[in-house]
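Before any comments, here is the structure.
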Amino acid sequence: MPISLSAPAPVKAPAATHCPYCALQCGMNVAAGAPEEGADRTVTITPREDVPANAGGLCQKGWTAGELLTGGRRLTTPLLHGEPASWDEALDFVAARIRALQAEHGPDGVAVFGGGGLTNEKAYLLGKFARMVLRTSQIDYNGRFCMSSAAAASNRAFGMDRGLPFPITDLAAADAVLLAGGNMAETMPPFVRHLAAMRQNGGSLIVTDPRLTATARQADLHLQPTPGTDLALALGLLHLAIAEGHADEAYVAERTNGFDAVRTSVAAWWPERVERITGVPVSQMRRAVAILGNARRAVILTGRGVEQHAKGTDTVTAFINLALALGLPGRPGSGYGCVTGQGNGQGGREHGQKADQLPGYRKIDDPAAREHVARVWGIDPDDLPGPGRSAYELLDALGTAGGPRGLLLFGSNPVISAPRAGHVAERLRSLDLLVVSDLVLSETAALADVVLPSAQWAEEEGTMTNLEGRVLLRRRALPPPAGVRTDLEILQALAVRLGGPVPGGPDMARAFSTEPREVFDELRRASAGGVADYAGITYERIAAETGVFWPCPDTGHPGTPRPFLDRFATPDGRARFVPVDHRPPGEDVDEEYPLYLTTGRVLAHYQSGAQTRRIDALNAVVDETFVELHPDLAERLEAAPGQTLRVISRRGETEGVVRVNPAIRADTVFMPFHWAGANLLTNPELDPVSRMPEFKVCAVRLERVG
Numbered sequence: 001m002p003i004s005l006s007a008p009a010p011v012k013a014p015a016a017t018h019c020p021y022c023a024l025q026c027g028m029n030v031a032a033g034a035p036e037e038g039a040d041r042t043v044t045i046t047p048r049e050d051v052p053a054n055a056g057g058l059c060q061k062g063w064t065a066g067e068l069l070t071g072g073r074r075l076t077t078p079l080l081h082g083e084p085a086s087w088d089e090a091l092d093f094v095a096a097r098i099r100a101l102q103a104e105h106g107p108d109g110v111a112v113f114g115g116g117g118l119t120n121e122k123a124y125l126l127g128k129f130a131r132m133v134l135r136t137s138q139i140d141y142n143g144r145f146c147m148s149s150a151a152a153a154s155n156r157a158f159g160m161d162r163g164l165p166f167p168i169t170d171l172a173a174a175d176a177v178l179l180a181g182g183n184m185a186e187t188m189p190p191f192v193r194h195l196a197a198m199r200q201n202g203g204s205l206i207v208t209d210p211r212l213t214a215t216a217r218q219a220d221l222h223l224q225p226t227p228g229t230d231l232a233l234a235l236g237l238l239h240l241a242i243a244e245g246h247a248d249e250a251y252v253a254e255r256t257n258g259f260d261a262v263r264t265s266v267a268a269w270w271p272e273r274v275e276r277i278t279g280v281p282v283s284q285m286r287r288a289v290a291i292l293g294n295a296r297r298a299v300i301l302t303g304r305g306v307e308q309h310a311k312g313t314d315t316v317t318a319f320i321n322l323a324l325a326l327g328l329p330g331r332p333g334s335g336y337g338c339v340t341g342q343g344n345g346q347g348g349r350e351h352g353q354k355a356d357q358l359p360g361y362r363k364i365d366d367p368a369a370r371e372h373v374a375r376v377w378g379i380d381p382d383d384l385p386g387p388g389r390s391a392y393e394l395l396d397a398l399g400t401a402g403g404p405r406g407l408l409l410f411g412s413n414p415v416i417s418a419p420r421a422g423h424v425a426e427r428l429r430s431l432d433l434l435v436v437s438d439l440v441l442s443e444t445a446a447l448a449d450v451v452l453p454s455a456q457w458a459e460e461e462g463t464m465t466n467l468e469g470r471v472l473l474r475r476r477a478l479p480p481p482a483g484v485r486t487d488l489e490i491l492q493a494l495a496v497r498l499g500g501p502v503p504g505g506p507d508m509a510r511a512f513s514t515e516p517r518e519v520f521d522e523l524r525r526a527s528a529g530g531v532a533d534y535a536g537i538t539y540e541r542i543a544a545e546t547g548v549f550w551p552c553p554d555t556g557h558p559g560t561p562r563p564f565l566d567r568f569a570t571p572d573g574r575a576r577f578v579p580v581d582h583r584p585p586g587e588d589v590d591e592e593y594p595l596y597l598t599t600g601r602v603l604a605h606y607q608s609g610a611q612t613r614r615i616d617a618l619n620a621v622v623d624e625t626f627v628e629l630h631p632d633l634a635e636r637l638e639a640a641p642g643q644t645l646r647v648i649s650r651r652g653e654t655e656g657v658v659r660v661n662p663a664i665r666a667d668t669v670f671m672p673f674h675w676a677g678a679n680l681l682t683n684p685e686l687d688p689v690s691r692m693p694e695f696k697v698c699a700v701r702l703e704r705v706g
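For the sequence shown, the residue numbers in full-length UniProt numbering are 1 to 706.
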C-alpha cells in the first residue's frame, strides 16, 4: 500500500523514477504535494510494475525513502568552518584555497573522492572537473570498496565488466543458481523474488556464506566456509566438476582459452584438502557440483562476501573458471554475474571516477582513449593527467608529504565506510582543505572546512546504470529546498571560478552544464566507441523502453541485454581461464586475536547509514551496532543478549550489544558496518589487482564491558 509522509496536501502527478539506494534500482512513483503553511510537503511513494527488477515490489528502505525529502534533517545552507555562509562566500573560499594549495603543491595537491550513488551525469562531470579544471590525477571513488574485484576478474576473463551480463529476469528460468557471498534477502529484498521464481519452477539455490543468513535459509544447500577460504572452496568445486565429468569440453574448446593450465592447477585441490581448509564437508561440495553440473541452465553469482578480500580478484576468477568449465557464460539462461551493491556502482566507474579510467570505460593511459576524450572536451590530450591512487591509497595519503593537501568529496562517508576508519578520520583532519557536498551532516561532513548542501535523488533528473547494465532515468518529482544546489551547479560554479587549463580555452560555464540532459549528451559522445558505449542511448529511449542496455553504439541499435551470446569482448572473442591459487587471509587468527570478524549489512539500513539512520521507521527496526555470536562462544564468554562487548583488532576497538545466533560459526563474529565501529577494526590490506581492501575478514578478540 502507498506510504505517505507528513501532512496531507494537494499531490501533483507522480514522477516515475527509481529508488535512491541499491543497484537493483527498483522502480517507484513519487508524488509530492505543495507544502502547507506550518507543515512539510507530502511525499507519497508507490512501486512501479513496469520495471523488471522489482515488478511492483519495494523493501522497507524504498518505502521510507521519501522521509528525507521532508522535515528538518537536511542541510539547507553552506557551512564555512561550521558556521552558516552564503554560497558565494563558501565557493569563493574553496576556489581560493584550491589555487593556493595547487600553487604550492602542484595539481595533485588537491584530490577528488566520489561516490557510487552519484548519477551518471554527476560521475561524468566530476571526473571531467578533476582532470580538466584541477588537472589532478588524484581521483577515485567509494565504488572501489564495492565491486572492483569482480570488475577486475570479469575484465581479464571476458574483456568486459558488466555486473549481470544478462537481464535479471533470466534467473527465473535457471535450473540452478550458486550465490557466493551474497545476502540479497537483506541487502536488496526484491531481488529474492527472482530466486524464488527459479525455485518455484523446480530449480535449486546454493548459497555459500559463513553465516546462515536470511538468504541462506531459503537455499536448498548452504555451504558455510571459514571466513577467508572462499577461494579454496571454489578451487575444490572446480576440481570435483572436472573429476566427475561435468566439464563441458566442447564449449571449452570452442569458446575459451587457457583451460589446460587451470585443469593442472586445480588438480592439487582435492576435496578432502579443501574440507580441512574451509570446514565445508566433502559431501556438501559433491552435492553442489552435482546440482550445477546436471542443470541444463545454471548461473553463478558472486557478492561482496567473496569479493571484499585481499585476494578478491582471484576468488572471483576461481568462480568464473568454474562457470566457464561448466559452459555457462554466454548461453541463454546461464552465466556468471556479480551482484553490484551501490545504486550506480556500475555507471559510476564507467564514466571517469576511477583513478585509471576515462568515460566509456576507457583506460586513462591509452593514447587513443586520451585523444578521443580530449577532443570531446576541447583540450589537448597532454593536458590530461595520468592514473592516480586507488581509493584507500588516496585516503591514506591525505595530508602526508607528497600526498594531497586538499580534498573535494561528493556522495561518500569514508569516516564510516573506509577500512581502518579511525586512521582515515585522522588523515581527513590533517588536510588543509576538506570540502564535502552532501544532503545531511554526515560523520565525514562534520570534519569539513566547507559543507555544500546538495539536492538528492527525487529533486533532480539524471540516469543510473543498474546491476544489469540497464541505463535508467530518474525523474524529478519536486524541487530541492530553498538554498540547496545540485552537484552539477556546484561543479559549474567552481569551474567558472577556477578557469581552465589554458588561457582562452573552453568556456567553463558551457563546458560544465547544469542541465542533466546536456551533460548526458556529452557523456554519450565521450563514451562512443568505448567498452561502455552509451552513444545510442537517449533520455527519450530510456523513458520509452524502461531502460536501455549498454553497449548501444547508435540510436538504431537495440541495446545489448546479453553481450556474450556470440563472442566475448576479448580480442579473439574467446573467454580466458586464469590459473589462481588459494592463500590465507591477510590477517589470520592467533592466540591474541582468536576470532574472525566479518561485516555486512542489515535489512533496515544502507551503506554508511548517512541516510537511513535519519529515518525513524528504520531506526525502530535496529538503531545501534551489535555483535553477533554463536551460543557456544557466548557461553564461553558468559555474554548474554543485550550486554555490551568490546571488540578489539590490531587497528582499533569498538563496542556492540550482544546478539546470540546459532546461524553463525562458533569461530566467527559479525558486525554491521552502518555505524561507527566495525570499520575501526577492519584490515586495509589491498588486493594487488583491484586494490580492494580486505573488509570481510580480520582477527579480533572480545572483552566483556563492566
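Idealized CB from N, CA, C, for every residue including glycine. None of these values were measured; they are calculated from a predicted model.
*If you run the structure through DSSP and keep just helix, strand and coil, what is Gly656?*
Strand, per DSSP.
Checklist entry - Can Arg475 and Ala196 be called in contact, C-beta distance under 8 Å? => result Here Arg475 is not near Ala196, since their CB atoms are 8 Å or more apart.
> According to DSSP, which residues form a beta bridge with Met671?
Replying inline: Here Met671 is bridged, per DSSP, to Thr599.
Quick one: using the 10 Å Cβ neighbour count with 16 as the cut-off for buried, is His81 buried or exposed?
Exposed is the call here.
Quick one: what's got a C-beta closer than 7 Å to Pro631's C-beta in the same chain, skipping five residues either side? Correct list, in chain order: Val660, Pro662.
**Item:** CA-to-CA distance, Glu67 to Leu5, given in whole angstroms
**Value:** Reliability of the predicted coordinates at Leu5 is poor, the pLDDT of 42 falling under 50, and no value is obtained from them.
Run of the alpha helix (DSSP H) containing Pro516, from where it starts to where it stops:
Its alpha helix (DSSP H) spans residues 516-527.
- Item | With 16 other Cβ atoms within 10 Å as the buried cut-off, status of Pro563 | With 16 or more other Cβ atoms within 10 Å, it is buried.
message: Measuring alpha carbon to alpha carbon, tell me which residue in Gln200, Gly293, Leu384, Ile379 is nearest Leu178.
response: Comparing Cα positions, the closest option is Gly293.
Inset, instruction - Give the DSSP-derived three-state secondary structure of Tyr593 in the structure shown. - result: Coil, per DSSP.
- Query: Would you call the segment 300-311 and the segment 676-696 touching, i.e. three or more CB-CB distances under 8 Å?
  - Reply: The segment 676-696 and the segment 300-311 touch, with three or more beta-carbon pairs separated by less than 8 Å.
Practice problem: Identify every residue that forms a DSSP beta bridge with Ala15. | Solution: Answer by DSSP bridge pairing, in chain order: Val30.
With H, G and I counted as helix, E and B as strand and the rest as coil, what does DSSP make of His222? Assignment of His222 by DSSP, reduced to helix, strand and coil, places it in the strand class.
Could you check whether Leu118 and Leu126 sit closer than 8 Å to each other, using their CB atoms as the reference points? Between Leu126 and Leu118, the CB-CB gap stays under 8 Å.
Note to self: Quick check: what's the CA-CA separation for Tyr361 versus Lys354?
What the structure shows: Roughly 9 Å separates the two Cα atoms.
### Query
Exposed or buried, what is Leu565 when buried is set at 16 or more other beta-carbons lying within 10 Å of its beta-carbon?
Classification for Leu565: exposed.
Exercise. Considering only residues of the same chain and omitting the five flanking positions on each side of Arg691, which have a CB-CB separation below 8 Å?
Worked result: Answer for Arg691: Arg144, Ser148, Ser390, Ala391, Tyr392, Glu393, listed in chain order.
Is it true that the CB of Pro579 sits closer than 8 Å to the CB of Val262?
-> The Cβ-Cβ distance between Val262 and Pro579 falls below 8 Å.
Are any of the Cβ atoms in chain D nearer than 8 Å to that of Glu459? Given the protein chain composition of this structure (a single chain), no chain D is represented.
request  = Could you check how far apart the C-beta atoms of Gly656 and Leu645 are, in whole angstroms? I think they sit under 8 Å.
outcome  = Gly656 to Leu645, Cβ: 6 Å. Contact.
Note to self: Rounded to whole angstroms, what is the Cα-Cα separation between Ala620 and Ala604?
What the structure shows: Taking C-alpha positions only, Ala620 is separated from Ala604 by approximately 9 Å.
- Is Val669 buried or exposed, if buried means 16 or more other CB atoms sit within 10 Å of its CB? Buried is the call here.
With DSSP collapsed to three states, give me the class of Pro453. Looking at Pro453 - three-state DSSP - the assignment turns out to be strand.
TODO: List the endpoints of the continuous beta strand (DSSP E) containing Arg97.
DONE: For Arg97, there is no enclosing beta strand (DSSP E); the residue is found in the alpha helix (DSSP H) stretching over 87-105.
Taking the DSSP output, what are the residues bridged to Val705? For Val705, no pairing in a beta bridge is given by DSSP.
Note to self: Please report the straight-line C-alpha distance between Val415 and Val451, rounded to a whole angstrom.
What the structure shows: Going by the C-alpha atoms only, they are around 15 Å apart.
request  = Using beta-carbon positions only, say whether Ala23 and Asn466 come within less than 8 Å of one another.
outcome  = Result yes, Cβ atoms of Ala23 and Asn466 sit closer than 8 Å.
So, at 6 Å on beta carbons, what are the nonlocal neighbours of Glu628 in its own chain, with the 5 sequence-adjacent residues on each side left out? Residues Arg659, Asn661, Ile664, Phe670 of the same chain have their beta carbon placed closer than 6 Å to that of Glu628, with the five preceding and five following residues left out of the count.
Thinking C-beta only, is Gly547 closer than 8 Å to Pro359?
No, Cβ-Cβ distance for Pro359 and Gly547 is not below 8 Å.
**OP:** Enumerate, from N- to C-terminal direction, the unbroken beta strand (DSSP E) stretches of 3 or more residues contained entirely within the segment 236-262.
**Re:** Taking only runs of at least 3 residues, no beta strand (DSSP E) segment lies wholly in the segment 236-262.
Inset, instruction - Quick one: grab the DSSP three-state call for Tyr539. - result: Helix at Tyr539.
- request: Alpha carbon to alpha carbon, how far is Phe191 from Pro165? Give it in angstroms, no decimals.
  value: Straight-line Cα distance between these residues: approximately 16 Å.
- Message: Is the beta carbon of Thr486 closer than 8 Å to that of Thr514?
- Response: For Thr514 and Thr486, yes; Cβs fall inside 8 Å.
Coil, strand or helix - Thr644 by DSSP:
Strand at Thr644.
request  = Look at Gly159 and Gly469 and say whether their C-beta atoms are less than 8 Å apart.
outcome  = Not in contact: Gly159 and Gly469 (Cβ atoms no closer than 8 Å).
Review point. Mapping DSSP to helix, strand and coil, what is Ser437?
Key: Ser437: strand per DSSP, three-state reduction.
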